[in-house]
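Undergrad:
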Amino acid sequence: MNILVVGLNHNTAPIEVREKFAFDGDKLERALKMLMKSNIAGENVILSTCNRVEMYSGVRDIESGIDNIRNFLADFHGVPKALLEKSLFILHGREAVKHIFRVASGLDSMVLGEPQILGQIKEAFDISLKNKATGAMLNKLMKKTFSVAKRTRTETGIGKGAVNISYAAVELAKKIFSDLSAKACMLIGAGEMGELAARHLINNGVRNVTVTNRTYERAVRLAEEFHGRAVRFEDFVSELRNTDIVISAVEVQKYILTKDDIKHTMKARKQNPVYLIDISDPRSIDPGIDGLDNVYRYDIDDLNGIVDVNEEERRKEAEKAEAIVDEELKTFLKWQESLLAVPTIVALREKTEAIKKEELEKALKKLGPLGEKEAETIEYLAASIVNKIIHNPIALLKSAGEDQEIIIDSVRRLFSLEGDDDER
Amino acid sequence: MKANVLLFELALTFYFFATAIGIIELFRKIKKSSWATLYLTITGFLFHTANIIVRYAQGGHLPAANLHEAASFLSWCILIIFFYHEYRYKIGLLSSFIMPVVFILMLSSSVFPREITELSPVLESSWFSIHVTLAFLGDAAFAMAFGIGIMYIIQERYVKSKHLSSLFQRLPSLQSLDEINYHLITLGFPLLTLAMITGAIWARSAWGTYWRWDPKEVWSLITWLIYALVLHLRLTVGWRGKKAAILSIAGFLLVIFTFLGVTLLLKGIHVFE
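One line per chain: the protein sequences are A and B, in this order. Under the numbering used here, the first residue of the first sequence is numbered 1, with each subsequent residue one higher. Under the numbering used here, the first residue of the second sequence is numbered 425, with each subsequent residue one higher.
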């Protein structure tokens with residue numbers, strides 16, 4: 001069984017093409033069923049996310065396997081093959097395995113080290129399992145993939161550090177305050193950017209949210225969504241004394257929060273720390289307040305600066321992750337090699353021969369001096385028992401049927417032959 | 425070698441390694457102080473405790489009667505406070521900031537003569553143990569506030585400078601550091617107050633007067649006023665965060681001066697003979 005990866009992703013095709021091939025809704029299960037019925041590939045996992053449509057398959061013959069899957073993709077989605085030709089990438093054997101390991105580790109992702117992809121692969125595999133669309137090879141490969149992804153994530157910092165500004169803002173909030181759920185947040189401006197930042201804070205525990213906006217009605221609407229309350233734009237400065245986190249996302253020509261505003265606020269709150277996130281462009285909060293104690297102001301440039309540093313750090317960590325992938329790739333390929341029939345037959349013969357020899361020697365020693373005929377008979381007896389026992393397994397191993405890998409794997413386990421993988 | 429000296433050397437050695445590993449860990453990408461640091465510290469602490477018990481048995485009084493004993497007993501008190509905080513708050517990297525203080529105190533203790541001093545008969549009373557223990561535990565709380573204060577200053581620098589390093593990720597939030605710092609001062613301050621009261625009572629019974637304006641008393645009073653000010657400013661005008669951290673660092677330097685400096689530089693009745 002050969003491992004094959006056929007698909008398109010953000011590296012090979014634009015979104016307009018990718019979405020034509022998406023296996024969304026019930027398409028995924030239907031496709032798996034069709035693949036299994038049509039004998040295109042004996043084992044199948046289909047990964048369909050917004051960045052990639054990738055088919056992981058186990059096929060008998062590589063050439064025909066590629067053709068069949070390519071045709072299947074075009075036919076299933078009713079898209080002309082010509083469109084597919086340009087966007088498709090095809091990998092097999094070593095490269096295919098490596099690709100899957102890299103994808104699961106987030107090494108192939110648009111945002112390096114992003115964590116969702118692993119969950120998406122797990123989900124894809126679960127659906128295949130449910131539809132009985134996988135076999136010994138892909139099961140083993142997927143299990144290995146999950147352990148590789150776990151290793152790269154725990155042993156390297158590839159997933160560490162916020163790489164978008166909303167996350168960076170939350171990360172900072174957690175280093176300023178010990179418990180976000182006890183903090184009050186005010187959102188100035190009802191735009192999309194501000195809403196996103198506020199949502200991240202809410203997801204991280206902030207419960208008390210106030211919204212203010214020039215158009216009061218929009219503030220009210222957004223506040224309802226956040227289960228918070230709205231404040232009129234004219235009044236927001238006086239509300240600041242009860243606010244620990246301020247998100248300002250407004251379009252203004254001059255600062256809506258001046259140094260004096262903040263000074264007064266700080267006095268009124270007895271210097272309890274304030275964290276101000278200014279994601280307006282141009283800036284809406286006077287940067288001159290940076291000199292004040294217990295006031296922490298970050299603007300878009302600051303947050304982008306943090307994101308850049310984290311991205312750079314992830315790139316460095318990615319090298320370590322690649323090394324882990326290479327290392328795991330070797331062990332997997334070794335296991336795969338052991339699944340070939342010939343070496344298994346040889347190993348089985350050698351093992352049984354060794355047992356026979358050892359037991360014969362013991363028996364002959366016990367019996368003492370024997371006549372030539374008796375000794376010969378005993379030797380013949382041992383040899384024929386062994387041969388009869390291994391006759392069937394060997395015949396099956398040679399048969400090269402659909403389930404050959406399962407048989408090879410089983411024989412290796414039953415007779416505990418060398419070269420077996422340690423993962424049981 | 426005498427038993428207590430051997431125990432002291434063992435404690436010092438273990439503290440040295442705990443300190444060294446703790447400092448190395450600051451510069452490596454380790455989430456929190458490793459178990460190695462903690463176990464080295466605990467082992468050192470057990471030897472240290474044995475040393476104190478042996479000296480107590482031999483001298484018949486709390487071993488805080490000369491500079492060697494005092495510095496060593498203060499480190500021991502700091503560790504008591506440290507273990508409590510390590511257990512209670514589980515602050516990553518705390519030992520990297522506290523063990524250097526402990527080690528330096530132990531090192532300075534090691535340069536002073538190690539003979540067991542006889543207490544002069546006027547001082548021989550149970551007030552001695554009470555006064556010394558209260559004072560030292562108070563000072564230990566201030567030492568801890570000093571370490572936490574340094575952590576705060578470093579973390580505040582990261583947050584303000586807007587350049588976040590890996591150390592930033594591993595240090596606790598500013599708010600937690602500030603709160604722990606405050607807790608420590610509210611622990612140290614009453615202990616120091618009680619120490620001064622018991623000291624006065626003891627002085628009355630030993631010398632006939634409560635207060636003699638001896639240099640140590642004066643400097644302790646200054647220390648007491650500083651910490652009173654820290655608490656007062658915090659509660660009235662909100663001197664928290666960086667200002668509180670700086671004050672608690674300054675306060676502990678004053679403690680150390682009162683503790684060692686006054687004894688070595690200025691003379692008075694608290695000077696160990």
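Don't be surprised by glycine CBs; every beta carbon is placed ideally from N, CA and C.
(1) Where F233(A) and A249(A) are concerned, what is the direct C-alpha to C-alpha distance, given to the nearest angstrom?
(2) Looking at chain B, is there any beta carbon in it that lies within less than 9 Å of the beta carbon of K174(A)?
(3) Output, in chain order, the set of chain A residues within a Cβ distance shorter than 9 Å of L598(B).
(4) Against E603(B), what residues of chain A qualify as contacts under a CB-to-CB distance less than 8 Å, listed in chain order?
(5) How would you write the range of the alpha helix (DSSP H) that I15(A) sits in, first residue to last?
(6) Which residue marks the beginning of the beta strand (DSSP E) containing L615(B), and which one marks its end?
(7) Where do the N-terminal and C-terminal ends of the beta strand (DSSP E) with R30(A) fall, by residue?
(8) So the alpha helix (DSSP H) T660(B) belongs to, where does it begin and stop?
(9) Would you say A136(A) and D409(A) are within 9 Å of each other, going by their C-beta atoms?
(10) So which residues of chain A does K640(B) contact, with C-beta pairs closer than 8 Å?
(11) Kindly list, in the order they appear in chain A, the residues whose Cβ is closer than 9 Å to that of L645(B).
(12) Using a Cβ-Cβ distance under 9 Å, would E697(B) count as near chain A?
(13) Under 8 Å by Cβ, that's how I've got F566(B) and V679(B) pegged, so tell me the actual separation to the nearest angstrom.
(14) Near A375(A), what residues of its chain come up, given a Cβ to Cβ distance below 8 Å and the 5 sequence neighbours on each side ignored?
(15) Where do the ends of the alpha helix (DSSP H) carrying A564(B) lie?
(16) If you follow the alpha helix (DSSP H) that T145(A) is in, where does it begin and where does it stop?
(17) Could you pull the start and end residues of the alpha helix (DSSP H) that G468(B) belongs to?
(18) By the 10 Å Cβ neighbour count, where 16 or more other Cβ atoms means buried, how is C50(A) classified, buried or exposed?
(19) Starting from A96(A), trace the alpha helix (DSSP H) in both directions and tell me its first and last residue.
(20) Give the single residue among A395(A), M34(A) and L91(A) whose Cα lies nearest to the Cα of N131(A).
(21) Please compile the residues from chain A whose C-beta is within a distance smaller than 7 Å of the C-beta of F592(B).
(22) Going by DSSP, what residues sit across from I289(A) in a beta bridge?
(23) Just to confirm, is the Cβ distance from H200(A) to A223(A) under 9 Å?
(24) Which residues in chain B sit within 8 Å of I202(A), going by Cβ to Cβ distance?
(25) Under three-state DSSP, which class holds G189(A)?
(26) Taking any Cβ of chain A, which residues in the segment 661–677 of chain B have a Cβ under 9 Å from it, in chain order?
(27) So T265(A) is in the alpha helix (DSSP H); what residue range does that whole segment cover?
(28) If you measure between the beta carbons of V478(B) and A427(B), is that distance less than 9 Å?
(29) For V583(B), return the contacting residues in chain A, with the cut-off set at a CB-CB distance below 8 Å.
(30) Whole angstroms is fine: what's the gap from F471(B)'s alpha carbon to I245(A)'s?
(31) Taking contact to mean at least 3 C-beta pairs separated by less than 8 Å, is the segment 656–670 of chain B in contact with the segment 597–608 of chain B?
(32) Kindly indicate which residue of N71(A), I158(A) and M36(A) has the alpha-carbon position closest to the one of E114(A).
(33) Tell me whether the beta-carbon of A184(A) lies closer than 9 Å to the beta-carbon of V206(A).
(34) Would you give the residue range spanned by the alpha helix (DSSP H) that R70(A) belongs to?
(35) Could you tell me which chain B residues have their CB closer than 8 Å to the CB of V309(A), listed as they occur along the chain?
(36) For the beta strand (DSSP E) containing N2(A), name the first residue and the last one.
TA: The short version:
(1) Locating residue 233(A) in the first sequence gives position 233, counting from the first residue. Locating residue 249(A) in the first sequence gives position 249, counting from the first residue. Computed Cα separation, rounded: 13 Å.
(2) In the first sequence, residue 174(A) corresponds to position 174, counting from 1. Chain B contact via Cβ: present.
(3) As a position in the second sequence, residue 598(B) is number 174, starting the count at 1. The contacting residues are K175, I176, F177, S178, P273, N294 and Y296.
(4) Your numbering for residue 603(B) matches position 179 in the second sequence. Per Cβ cutoff of 8 Å: S178.
(5) Walking along the first sequence from the start, residue 15(A) turns up at place 15. Residues I15 to K20.
(6) As a working note, residue 615(B) is residue 191 in the second sequence. Premise fails: L615(B) lies in the alpha helix (DSSP H), L598 to W631, not in any beta strand (DSSP E).
(7) Taking the first sequence and counting its residues from 1, the one referred to as residue 30(A) is at position 30. Looking at the DSSP string, R30(A) is not in any beta strand (DSSP E); the run it does join, the alpha helix (DSSP H), is K27 to S38.
(8) Here residue 660(B) is taken as the residue at index 236 of the second sequence, counted from 1. Segment P639 to V661, the alpha helix (DSSP H) holding T660(B).
(9) For the purposes of this step, residue 136(A) is identified with residue 136 of the first sequence, where counting begins at 1. For the purposes of this step, residue 409(A) is identified with residue 409 of the first sequence, where counting begins at 1. Yes, these two residues count as a Cβ contact at 9 Å.
(10) As a working mapping, residue 640(B) is identified with position 216 in the second sequence. Near K640(B) there are no residues of chain A at all, since even the closest Cβ is about 34 Å away, more than 8 Å.
(11) Start at 1 with the first residue of the second sequence, and residue 645(B) comes out as number 221. The premise fails here: L645(B) is roughly 28 Å from chain A at the closest Cβ pair, so nothing lies under 9 Å.
(12) Along the second sequence, read from residue 1 onward, the residue named residue 697(B) stands at position 273. Summary for E697(B): the model assigns pLDDT 38, below 50, so the residue's position carries little reliability, and this model does not support an answer.
(13) Locating residue 566(B) in the second sequence gives position 142, where the first residue counts as 1. Locating residue 679(B) in the second sequence gives position 255, where the first residue counts as 1. Indeed, because the Cβ distance is near 5 Å, the residues count as touching under 8 Å.
(14) Here the question's residue 375(A) lines up with position 375 in the first sequence. Excluding sequence neighbours, A375(A) sits near L364.
(15) For this step, residue 564(B) is matched to residue 140 along the second sequence. It spans S550 to S585 - the alpha helix (DSSP H) in which A564(B) sits, taken as one unbroken run.
(16) One-based indexing of the first sequence puts residue 145(A) at position 145. It spans A136 to E155 - the alpha helix (DSSP H) in which T145(A) sits, taken as one unbroken run.
(17) In the second sequence, the residue the question calls residue 468(B) occupies position 44. Segment W459 to G483, the alpha helix (DSSP H) holding G468(B).
(18) Working through the first sequence from its first residue, we reach residue 50(A) at position 50. By the 10 Å Cβ count, C50(A) comes out exposed.
(19) Locating residue 96(A) in the first sequence gives position 96, counting from the first residue. A96(A) -> alpha helix (DSSP H) spans R94 to S105.
(20) Locating residue 131(A) in the first sequence gives position 131, counting from the first residue. Out of A395(A), M34(A) and L91(A), M34(A) has the C-alpha closest to the C-alpha of N131(A).
(21) As a first step, residue 592(B) must be located in the second sequence, where it is residue number 168. Those are K175, listed as they occur along chain A.
(22) Position 289 of the first sequence holds residue 289(A). Looking at the DSSP assignment, I289(A) forms no beta bridge with any residue, so it has no partner.
(23) Here residue 200(A) corresponds to residue number 200 of the first sequence, with the count starting at 1. Here residue 223(A) corresponds to residue number 223 of the first sequence, with the count starting at 1. Their beta carbons are not under 9 Å apart, which means H200(A) does not touch A223(A) by this criterion.
(24) One-based indexing of the first sequence puts residue 202(A) at position 202. The contacting residues do not exist; I202(A) stays about 19 Å from chain B at best.
(25) Your numbering for residue 189(A) matches position 189 in the first sequence. Here G189(A) sits in coil by DSSP.
(26) V661, G662, W663, R664, G665, K666 and K667
(27) For this step, residue 265(A) is matched to residue 265 along the first sequence. Start and end: K259 to A268.
(28) Counted from its first residue, the second sequence places residue 478(B) at position 54. Counted from its first residue, the second sequence places residue 427(B) at position 3. Cβ atoms of V478(B) and A427(B): closer than 9 Å.
(29) The count along the second sequence starts at 1 and reaches residue 583(B) at position 159. Under the 8 Å cutoff, chain A gives L172, K175, I176 and Y296.
(30) Stepping through the second sequence from its first residue, residue 471(B) is reached at position 47. Stepping through the first sequence from its first residue, residue 245(A) is reached at position 245. Whole-angstrom Cα-Cα distance: 49 Å.
(31) yes
(32) As a working note, residue 114(A) is residue 114 in the first sequence. With distances taken between Cα atoms, E114(A) lies closest to I158(A).
(33) Taking the first sequence and counting its residues from 1, the one referred to as residue 184(A) is at position 184. Taking the first sequence and counting its residues from 1, the one referred to as residue 206(A) is at position 206. In this structure, V206(A) lies closer than 9 Å to A184(A) by Cβ.
(34) Walking along the first sequence from the start, residue 70(A) turns up at place 70. R70(A) -> alpha helix (DSSP H) spans I62 to H77.
(35) Residue numbering aside, residue 309(A) sits at position 309 when the first sequence is read from its first letter. By Cβ distance, chain B contributes H587 and L588.
(36) Stepping through the first sequence from its first residue, residue 2(A) is reached at position 2. Taken as a continuous stretch (DSSP letters only), the beta strand (DSSP E) holding N2(A) covers N2 to N9.
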